[in-house]
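Asker: In the numbering used here, the protein residues as written are 406 to 816. Heads up, the beta-carbon is just placed ideally off N, CA and C, and yes, glycines get one too.
#1: Mind checking which residues open and close the alpha helix (DSSP H) that includes residue 454?
#2: Would you mind working out which of 533, 464, 538, 633 sits nearest residue 819, comparing C-alpha positions?
#3: To the nearest angstrom, how far is it from the Cα of residue 543 to the Cα of residue 470?
#4: Quick one: what does DSSP say residue 750 is sitting in, helix, strand or coil?
#5: Distance, Cα to Cα, residue 437 vs residue 755?
#6: Classify residue 682 as buried or exposed, calling it buried when 16 or more other Cβ atoms lie within 10 Å of its own Cβ.
#7: Can you tell which of 649, 803, 448, 806 has its C-alpha closest to the C-alpha of residue 733?
#8: How about residue 705 and residue 456: are their beta carbons less than 8 Å apart?
#9: DSSP puts residue 467 in a beta bridge; with which residues?
#10: With a threshold of 8 Å, are at least 3 pairs of Cβ atoms found where one atom belongs to the region 689 to 701 and the other to the region 481 to 491?
#11: Taking the Cβ atom as the reference point for each residue, do residue 677 and residue 433 lie within a distance shorter than 8 Å?
#12: Hey, quick one: how far does the alpha helix (DSSP H) through residue 591 stretch, first residue to last?
#13: Residue 499 by DSSP, collapsed to three states: which one?
#14: Taking the C-alpha atoms as reference points, what is the distance between residue 675 and residue 800?
#15: For the structure I just gave you, are there three or more beta carbon pairs, one from the region 718 to 725 and one from the region 504 to 512, closer than 8 Å?
#16: Contact check, residue 516 vs residue 787 under 8 Å by CB: the rounded distance?
#17: Beta carbon of residue 797, beta carbon of residue 685: below 8 Å?
#18: Thinking C-beta only, is residue 493 closer than 8 Å to residue 626?
#19: Buried or exposed: where does residue 776 fall if 16 or more other Cβ atoms within 10 Å of its Cβ makes it buried?
#20: Taking the straight line between their C-alpha atoms, what separation do you get for residue 498 and residue 556?
#21: If you draw a straight line from the alpha carbon of residue 636 to that of residue 601, how long is it in whole angstroms?
#22: How would you label residue 640, buried or exposed, when you count the other beta carbons within 10 angstroms and need 16 or more for buried?
#23: Identify, in the order they occur along the chain, each residue of the same chain with its Cβ nearer than 8 Å to the Cβ of residue 465, setting aside the five sequence neighbours on each side.
#24: State the CB to CB distance for the pair residue 431 and residue 760, rounded to an integer number of angstroms; the pair is presumed to be in contact (CB under 8 Å).
#25: How far does the alpha helix (DSSP H) with residue 716 in it reach, from first residue to last?
#26: Got a sec, what are the start and stop residues for the alpha helix (DSSP H) residue 528 sits in?
#27: Output needed for residue 714: all residues of its chain with C-beta closer than 6 Å, excluding positions within five of it in sequence on either side, in chain order.
#28: Taking only the alpha-carbon atoms, compute the straight-line gap between residue 495 and residue 791 and give it to the nearest angstrom.
#29: Hey, out of 526, 623, 551, whose CA is closest to residue 467's CA?
#30: Three-state secondary structure (DSSP) at residue 612?
#31: What are the complete alpha helix (DSSP H) segments, minimum 4 residues, inside the region 734 to 806?
#32: Is the beta carbon of residue 614 less than 8 Å from the beta carbon of residue 440?
#33: What residue from 762, 768, 806, 609 has the CA that sits closest to residue 795's CA?
#34: For residue 482, does the count of other Cβ atoms within 10 angstroms reach 16, so buried, or fall short, so exposed?
#35: Report yes if the C-beta distance between residue 718 and residue 703 is below 8 Å; otherwise report no.
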């Protein structure tokens with residue numbers, strides 16, 4: 406009998422070895438379920454939804470915090486008006502400057518939300534995603550506006566991992582057909598998001614009744630709700646207009662020729678960096694001032710600045726930490742219920758996005774990932790710009806790793 410020969414160089418993987426991709430694939434549906442519990446289940450159990458419906462169905466409904474009538478008709482389409490009234494009532498305390506902790510978290514959440522939306526739209530524009538379900542970001546955006554960001558985004562990310570070639574490791578030589586985005590789309594995206602998301606956000610936060618009437622205030626809150634649709638429409642309009650003007654103008658020929666001298670990879674990196682700067686700026690400006698304000702001594706800001714003075718009374722604990730998620734707990738006010746809802750909504754959805762971003766970054770690294778260094782980087786950027794700020798940095802570096810390889814080869 407011959408003795409089998411075993412190679413000493415072969416090492417079998419332990420039975421418990423699980424790839425990071427598998428961990429992310431399993432985690433994303435769990436994030437969605439956790440988000441559903443932290444938002445929908447808790448809000449139903451603690452009385453948040455009941456408070457909104459009771460107000461709407463009262464004999465003479467008033468806009469929360471005022472003696473002015475609650476607007477219940479926007480479009481004369483029954484089901485749509487009811488949904489808009491629910492959303493407007495829900496967001497009433499969010500844009501109320503007198504709600505210290507909620508008002509502060511709303512600023513942070515709005516920044517995370519807007520930056521995440523920008524990155525979603527950008528991802529849908531990539532060559533490798535065109536025509537795939539993940540490219541229909543407008544539809545997903547309208548869904549998460551109605552059933553929450555934290556439930557919808559992990560599902561979108563899960564679908565991305567199952568269907569998108571971008572979710573798997575690929576070399577720089579294949580990035581033309583996978584990672585690249587039209588330069589015009591990249592240049593227009595910050596303007597599209599500014600007009601469709603940032604401007605409506607500022608409008609719905611205008612002080613009432615001193616700046617706008619309560620009636621106008623409600624309409625502005627309603628205007629903000631379908632911002633995913635506004636983004637798609639604004640971007641399409643800008644792109645169509647500029648494409649038409651460009652094609653009919655002879656003065657653009659020299660510019661076009663000069664652009665063709667650069668490789669697609671170089672052009673992409675030069676243009677995409679402005680998107681990442683845009684999203685990172687949103688994250689930092691909406692997070693760092695609020696964090697610092699919550700850390701300042703309450704006596705430092707005088708009462709002559711009422712809004713800032715109210716916010717300075719809050720601590721990081723009251724702003725950022727939710728109560729224990731017990732289904733039997735009850736809210737003392739609508740603002741408390743909305744605050745709890747938004748905390749779980751922003752945290753779970755954003756950290757699901759960040760986990761996905763870590764996988765995208767890992768796929769681009771050719772050597773073994775230094776996990777401690779990666780986690781340290783993520784931690785620092787979470788402090789500076791929240792989880793979506795950290796996600797932005799990872800995606801920017803992913804692009805640099807993949808496209809840098811391509812640029813070095815002159816492709």
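Answerer: Based on what the coordinates show:
#1: 453 to 462
#2: What the structure shows of the chain is the stretch from 406 to 816, and residue 819 is not part of that stretch, so it cannot be assessed.
#3: 33 Å
#4: helix
#5: 11 Å
#6: exposed
#7: 448
#8: no
#9: 474
#10: no
#11: no
#12: 588 to 598
#13: coil
#14: 14 Å
#15: yes
#16: No, residue 516 and residue 787 are not in contact; Cβ-Cβ is about 13 Å, not under 8 Å.
#17: yes
#18: yes
#19: exposed
#20: 22 Å
#21: 5 Å
#22: buried
#23: 474
#24: Between residue 760 and residue 431 the Cβ distance is about 11 Å, and since that is not below 8 Å, they are no contact.
#25: 711 to 717
#26: 505 to 529
#27: 706, 708
#28: 24 Å
#29: 623
#30: coil
#31: 739 to 769
#32: no
#33: 762
#34: exposed
#35: yes
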